[in-house]
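Novice:
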Amino acid sequence: MEEVLKKLFDAVLEGDFEDVKTNLQAALDAKLDPIVILNDGMIAAMREVGCRFEEGEYYVPEMLIAARAMQSGMAILKPHLQQTDRKSSGKVVIGTVKGDLHDIGKNLVALMLEGAGFEIIDLGVDVPAEEFVKVATNVKPDIIAMSALLTTTMSSMKTTLDALTAAGLRNNIKVIVGGAPVTEAYAQQIEADGFSTDASRAVNMAKSLLGV
Ligand code: B1M
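Just so we're aligned: 300 in this note's numbering is position 202 of the sequence shown, and the numbers increase by one with no gaps anywhere.
#1: Is the stretch 156-163 in contact with the stretch 261-280, if contact means three or more CB pairs nearer than 8 Å?
#2: Which stretch, first to last residue, makes up the alpha helix (DSSP H) that contains residue 245?
#3: So does the stretch 246-266 actually touch the stretch 206-213, counting three or more Cβ pairs closer than 8 Å?
#4: Alpha helix (DSSP H) containing residue 108: first to last residue?
#5: Assign residue 155 to one of three DSSP states: helix, strand, or coil.
#6: Please report the residue range of the beta strand (DSSP E) in which residue 118 lies.
#7: Given a threshold of 16 other Cβ atoms within 10 Å of its Cβ, counted over all protein chains shown, does residue 294 qualify as buried or as exposed?
#8: Check whether the Cβ atoms of residue 349 and residue 271 sit closer than 9 Å, and answer yes or no.
#9: Which residue's Cα is closest to the Cα of residue 106: 129, 136, 235?
#10: Just mark residue 109 as buried or exposed, buried being the case when its beta carbon has 16 or more other beta carbons within 10 Å.
#11: Can residue 212 be considered in contact with ligand 1, in the sense that its beta carbon sits closer than 8 Å to one or more heavy atoms?
#12: From what residue to what residue does the alpha helix (DSSP H) around residue 141 run?
#13: Per DSSP, what kind of secondary structure is residue 202 in: helix, strand or coil?
#14: Can you tell me the Cβ-Cβ gap for residue 224 and residue 196, rounded? I've got them flagged as a contact below 8 Å.
#15: Under 8 Å from any heavy atom of ligand 1, does the C-beta of residue 175 make it?
#16: Can you give the Cα-Cα distance for residue 303 and residue 130, rounded to whole angstroms?
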């Protein structure tokens with residue numbers, strides 16, 4: 099790994115925002131691909147945070163501090179990840195499902211979709227099925243995008259899909275799902291229209307579902 103990416107990785111891991119800022123800028127100045135900076139420097143560090151949590155070396159406060167450093171870094175990286183194409187590709191309502199407070203992956207998906215020309219309505223975290231239905235009824239999106247990071251909250255995706263069907267909205271709206279514990283098999287089982295493992299693929303999935 100490039101030295102500067104290793105430093106960025108360590109800065110996110112330690113939740114040191116000043117070091118995140120310095121090394122992120124250094125990586126950009128070195129003309130490294132922003133996607134590589136994101137994946138190898140920052141997302142890889144969050145994965146390591148998860149491993150340390152599992153091993154009992156990190157606790158919730160350390161996860162939170164790393165998450166804040168990651169979010170601040172994403173804000174700096176944002177303009178470099180977005181394309182200049184401003185033509186509207188469609189309207190997306192996005193949220194992390196009920197019971198789940200993880201929003202970094204969801205924010206990345208929203209950021210990349212926005213960069214690809216989608217209009218984003220971000221409902222935040224811990225979004226109940228009724229809220230997805232209410233907003234979908236009002237704003238008539240082309241896509242609903244749901245994120246879940248906990249095995250215990252994945253079932254909220256199915257609850258939301260059922261609520262959309264009950265409200266008669268399912269025929270007009272494509273639903274895409276993702277997040278670390280979500281698999282293609284699970285997406286098929288709950289009859290989502292699309293699934294992706296990461297934010298870039300979520301954009302491709304959204305575009306192909308809408309044919310844009
Ligand atoms: Co939590 N946490 N956490 N956590 N946390 C995980 C998810 C965990 C895997 C850690 C571990 O044990 N290794 C574990 C879940 C275990 C499980 O269910 N299998 C866990 C746990 C247990 C918990 C708590 C229960 C801990 C506790 O309180 N005892 C608690 C739950 C709170 C709740 O939600 N109700 C909790 C809390 C937290 C914090 C609040 C401290 C913090 C979140 C802060 C925040 O998000 N603002 C946090 C963090 C930071 C993590 C880890 C370390 C990092 C998550 C992350 O941001 N990754 C995580 C470990 C891990 O993931 N390995 C962990 C970086 C991000 C870019 O990746 O979100 O996966 P990710 O998004 C990816 C893809 O998944 C995909 O695209 C992104 C990449 O491009 N993607 C989509 C995501 N959504 C998508 C939607 C799509 C398509 C793709 O279409 C719509």
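Cβ coordinates follow ideal geometry from the N, Cα and C atoms, glycine included.
Specialist: According to the structure shown:
#1: no
#2: On the sequence shown, residue 245 is found 147 positions in, with the first residue counted as 1. Counting along the chain, residue 245 falls outside any alpha helix (DSSP H), though it belongs to the beta strand (DSSP E) covering 241-245.
#3: no
#4: Locating residue 108 in the sequence shown gives position 10, where the first residue counts as 1. Its alpha helix (DSSP H) spans residues 101-112.
#5: Your numbering for residue 155 matches position 57 in the sequence shown. DSSP places residue 155 in the coil class of the three-state scheme, outside both helix and strand.
#6: Locating residue 118 in the sequence shown gives position 20, where the first residue counts as 1. That residue, residue 118, is in no beta strand (DSSP E); its alpha helix (DSSP H) goes 115-127.
#7: On the sequence shown, position 196 is the one that residue 294 refers to. With 16 or more other Cβ atoms within 10 Å, it is buried.
#8: Here the chain comprises residues numbered 99 to 310, so residue 349 is not present and cannot be evaluated.
#9: Working through the sequence shown from its first residue, we reach residue 106 at position 8. Of 129, 136, 235, the residue nearest in Cα terms is 136.
#10: As a first step, residue 109 must be located in the sequence shown, where it is residue number 11. It counts as buried.
#11: Within the sequence shown, residue 212 is the residue found at index 114, counting from 1. Here the distance from the Cβ of residue 212 to the nearest heavy atom of ligand 1 is not below 8 Å.
#12: Here residue 141 refers to the residue found at position 43 when the sequence shown is read from its first residue. Under the DSSP assignment, residue 141 falls outside any alpha helix (DSSP H); it carries neither an H nor an E label.
#13: Position 104 of the sequence shown, counting from 1, holds the residue named residue 202. The answer is helix: DSSP assigns residue 202 an H, G or I state.
#14: For the purposes of this step, residue 224 is taken as the residue at position 126 of the sequence shown. For the purposes of this step, residue 196 is taken as the residue at position 98 of the sequence shown. Right, their Cβ atoms sit about 6 Å apart.
#15: As a working note, residue 175 is residue 77 in the sequence shown. Flag unset: Cβ of residue 175 not near ligand 1.
#16: Start at 1 with the first residue of the sequence shown, and residue 303 comes out as number 205. Start at 1 with the first residue of the sequence shown, and residue 130 comes out as number 32. Near 26 Å, if we compare the C-alpha coordinates of residue 130 and residue 303.
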